[in-house]
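Counting in this note's numbering, the sequence shown runs from 11 upward without gaps.
Read through the structure below, which is laid out as C-alpha cells, and then see the notes.
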Amino acid sequence: MARVEAVVVCLLVLAMDVVAGVLGIHAEKAQNQGTKLRILFLFIECRHPVRRAYELGVAAAAVLAASHAIANFAGGCACACSGDKLRRWSPNRQMASFALVLTWMVLVVALALLVLGALPNRKRKIAECGVVRHRFLSIGGVLCFVHALVCIVYYASANAAAREEGRAARSTAPAHT
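As C-alpha cells, this is what we get:
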C-alpha cells in the first residue's frame with residue numbers, strides 16, 4: 011500500500027510541476043506577443059503590459075508552490091541539525107536531506123523568476139519602462155521541470171529511508187510472547 015501511495019504522490023508532484031512549467035513558458039510567449047515601444051538604453055525598455063502573461067505567470071508560481079508543499083508534507087522532515095548526526099544516517103536519509111535543501115533552492119529561484127517576470131504585466135494599459143526581463147518566465151518554467159525531478163528524488167529517498175528505519179525498529183524491538 012505504501013508503494014502505491016508513493017507512486018501517486020510522485021505522479022501528482024510531477025504533473026503539477028509540469029503544469030507549472032508549461033504555464034511559465036506560455037506566459038513568456040504571451041509576454042513576447044505584447045508590443046514593445048522602444049529600447050532606451052542597454053538594459054531599459056518600454057513595453058505595454060500583457061495581462062495574460064501576468065495571469066499565467068502567477069498561476070505557474072501558485073502551482074509550483076502547491077507542488078512543493080505536497081512533496082514536503084508527504085516526504086516528512088529529513089533535516090540534519092549537526093554534521094555528526096548526518097554522518098550516522100543511512101545513504102537514503104542523507105540523499106533525502108540533500109534533495110530537500112536542493113528543492114528549496116530551486117523553489118526560491120523559480121518562484122522569484124516567475125514573480126519577477128509576471129509583475130511588470132499586472133497593470134492594464136499603461137506602458138511601463140524598466141529593466142529588461144527577457145526570459146524570466148521561461149527560465150522559471152524550465153526550473154519547474156528541474157523542481158519536479160529533485161522533488162521526486164527527495165520523496166523517493168525519504169520514503170525509502172522511512173521504510174529502512176521502520177524495518178530497523180521492528181527488528182530491534184523485543185518480541186512479545
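All residues carry an ideal CB built from backbone N, CA and C; glycine is no exception.
Report yes if the CB atom of residue i is closer than 8 Å to the CB atom of residue j, and no otherwise.
| i | j | result |
| --- | --- | --- |
| residue 125 | residue 71 | yes |
| residue 121 | residue 75 | yes |
| residue 164 | residue 79 | no |
| residue 55 | residue 139 | yes |
| residue 116 | residue 153 | yes |
| residue 113 | residue 160 | yes |
| residue 166 | residue 20 | yes |
Can you look up residue i in the DSSP assignment and give me helix, strand or coil?
| i | result |
| --- | --- |
| residue 44 | coil |
| residue 103 | helix |
| residue 13 | helix |
| residue 145 | coil |
| residue 86 | coil |
| residue 132 | coil |
Taking the alpha-carbon of residue i as reference, which of the options has the nearest alpha-carbon?
| i | options | result |
| --- | --- | --- |
| residue 59 | 45, 160, 67 | 45 |
| residue 156 | 16, 17, 19, 29 | 29 |
| residue 6 | 42, 81, 118, 23 | The structure shown has nothing for residue 6, since the chain only spans 11 to 187. |
| residue 24 | 61, 172, 77, 40 | 77 |
For residue i and residue j, I'd like the C-alpha separation in whole angstroms.
| i | j | result |
| --- | --- | --- |
| residue 148 | residue 37 | 8 Å |
| residue 63 | residue 128 | 6 Å |
| residue 101 | residue 151 | 31 Å |
| residue 17 | residue 57 | 45 Å |
| residue 144 | residue 123 | 10 Å |
| residue 3 | residue 176 | One cannot answer for residue 3 here, as it falls past the ends of the chain, which runs 11 to 187. |
Report all residues from its chain with a CB closer than 7 Å to the CB of residue i; omit the five preceding and five following residues, and keep chain order.
| i | result |
| --- | --- |
| residue 168 | 85, 86, 88, 106 |
| residue 22 | 80 |
Would you say the beta carbon of residue i comes nearer than 7 Å to a heavy atom of the ligand FMN?
| i | result |
| --- | --- |
| residue 34 | This structure does not include the ligand FMN; it has no bound ligands of any sort. |
I'd like the list of long-range same chain contacts for residue i, defined as Cβ closer than 6 Å, with 5 residues on each side in sequence excluded.
| i | result |
| --- | --- |
| residue 33 | 66, 69, 70 |
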